[in-house]
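So the mapping is simple: this note's numbering equals the position in the sequence shown, first residue as 1, plus 27.
For every residue, glycine included, the Cβ atom is placed at its ideal position computed from N, Cα and C.
As structure tokens, the structure follows; a few thoughts come after it.
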Amino acid sequence: MRTAVIGLGKVAERIHLPACKSVSEIDLIAASDTSEERRRSMKEQFSIPHVYADSLEMIATEKPELVMIGTPPEFHKSLSLAAMRSGADVLCEKPFVLSLEDADEVIAEAKKLGRRLAVNTQYRYMSTYRAAKERIAAGEFGRLYFINCWQQMYHPPVFEGAESWRSSLKQSTLFEFGSHPIDLICTFFGELPIDVYANIPRVVQEYDSDVFVQMTLRFSNDRLATLVLNRVSHAPEKYLEMRLDCEKASVRISLGGVARAGIELSRHKGANKPALRLSFVKGGEARVESSGSTRVLAQERNPAFASATAAHLRTFLKNSKSGGTDFESVEHARNILRIIFAGYESARTGQIVKL
């Protein structure tokens, strides 16, 4: 499939372009970016035949069948519409667009034109999350009733640099990153939440953005999830941690490098039981914890952001070859955006927001 990439920043270099190069069905024909230096370096590094300063000129000239959009989100709507109207399918980076109204407009245009449209919430394609989802869905661990998800690091928006679009966002962490953990939470529960309640205190006065987010998501049948995103923590970095508590076992999933060696004590049937744990992986790990013991469920030996995007691309291409225009995926992305905005509304009003 003739593919063009819009946006040649760090996400393209680390994720989009490596993913394209690893999928045999993808023919990377062109890319665009406003930076001359990025055009030059990415063209050389990834052997891109043609690079453009103007995205619309690239679309009109190259006539791609697929356009991958990795620009700041303020451009996602206009570029998605332009690409689809030119006859291309679109895989757009998250966050999808700036508002639900924009999402509805883009989805309506995709339906009108019969174009395929998806948002790159690729974490669900990583082997650690897939393995956990499959085992839970099969009933191996009993009913899933609680998910605890958290991120801790010291990375306020100013660390992105003054030239970065992220550095100026007031709705930053939850909007820019939150779609990934919220998508995972909804994927594991197999549905959207009933309501959400969020706190976004200004814990560091100098940062006028959501560097700390605490959110509770309530699901049907007395199931809950909590999400904490802390970008001003001085604790050891945890890129994304999840604990899924089921009736018969818990599953702990770590995204990012894991280096642990030690003996952990777990209380089981009134007694402390030691469990040896050895983990050393660069990408992540899923472990089953039950009855005072722990075992590996799945591991990502290396960072999986690009490989997960490649897996998403393969699924996207498979659907494209089938001739169908399934909009369930992009409508789910729209619902994830709705949950994020509900979180901001809850934090502003101090009220539970029903969905």
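- [ ] Have a look at Val-185 and Gln-178 and give me their C-alpha separation to the nearest angstrom.
- [x] 18 Å
Task: Distance between Ala-335 and Glu-63 (C-alpha atoms, nearest Å) - done: 29 Å
Task: Alpha-carbon spacing of Asn-147 relative to Phe-168, whole angstroms - done: 29 Å
Open item on the list: For chain D, check one thing: does any of its Cβ atoms lie closer than 8 Å to the Cβ of Ser-59?
Closed with: This model lacks chain D altogether, as it is built from one protein chain only.
Open item on the list: Assuming His-77 is part of the beta strand (DSSP E), what are its boundary residues?
Closed with: 77-79
TODO: Below 8 Å on the Cβ atoms is my guess for Ser-206 versus Ile-363; work out the distance and round it to an integer in Å.
DONE: 5 Å
Task: Classification of Asp-81 by the beta-carbon crowding that lies within 10 angstroms, buried from 16 upward - done: exposed
Open item on the list: In whole angstroms, give me the CA-to-CA distance for Lys-345 and Leu-55.
Closed with: 17 Å
Task: Residues near Asn-175 in its chain [Cβ-Cβ closer than 6 Å; skip 5 each side] - done: Thr-253 and Arg-270
- [ ] Can you give me the Cβ contacts of Leu-140 inside the same chain, cut-off strictly under 6 Å, excluding the 5 residues immediately before and after it?
- [x] Met-111
Task: Cβ-based burial, Pro-228 [other Cβ within 10 Å; buried from 16] - done: exposed
Task: Between the CA atoms of Arg-142 and Glu-316 - distance to the nearest angstrom - done: 44 Å
Open item on the list: Closest to Phe-202 by C-alpha separation, out of Asp-237, Asp-353, Arg-170 and Lys-381, would be which residue?
Closed with: Asp-237
Open item on the list: Quick check on the burial criterion: 16 or more other C-beta atoms within 10 angstroms. Buried or exposed for Asn-329?
Closed with: exposed
TODO: Have a look at Phe-368, Ile-42 and Ile-379 and flag the residue whose alpha-carbon is nearest the alpha-carbon of Tyr-150.
DONE: Ile-42
Task: Beta-carbon contacts of Asp-272 that lie in its chain and below 8 Å, excluding the five residues immediately before and after - done: Leu-171, Tyr-172, Phe-173, Ile-174 and Asn-175
TODO: Enumerate, from N- to C-terminal direction, the unbroken beta strand (DSSP E) stretches of 3 or more residues contained entirely within the stretch 86-119.
DONE: 93-96 and 116-119
Task: Residue burial classification, Lys-138 (beta-carbon count within 10 angstroms, cutoff 16) - done: exposed
Task: Residue closest to Phe-102, alpha-carbon to alpha-carbon, out of Lys-90, Leu-93 and Lys-121 - done: Lys-121
Task: Residue closest to Ser-113, alpha-carbon to alpha-carbon, out of Leu-125, Asp-222 and Glu-84 - done: Glu-84
- [ ] For Leu-383, I'd like the list of residues in its chain whose CB is within less than 6 Å of its CB, leaving aside the five on either flank, ordered along the chain.
- [x] This structure gives no information on residue 383, because the portion of the chain shown stretches from 28 to 382.
Open item on the list: If you follow the beta strand (DSSP E) that Leu-254 is in, where does it begin and where does it stop?
Closed with: 250-257
- [ ] Return helix, strand or coil for Gln-149, following the three-state DSSP convention.
- [x] helix
Open item on the list: Can you tell me whether Tyr-371 is buried or exposed? The criterion is at least 16 other CB atoms within 10 Å of its CB, across all chains shown.
Closed with: buried
Open item on the list: Looking at Val-255: is its Cβ nearer than 8 Å to the Cβ of Thr-200?
Closed with: no
Open item on the list: According to DSSP, is Arg-143 part of a helix, a strand, or is it coil?
Closed with: coil
- [ ] Can you give me the Cβ contacts of Val-259 inside the same chain, cut-off strictly under 8 Å, excluding the 5 residues immediately before and after it?
- [x] Tyr-181, Pro-183, Val-230, Val-231, Tyr-234, Val-238 and Phe-239
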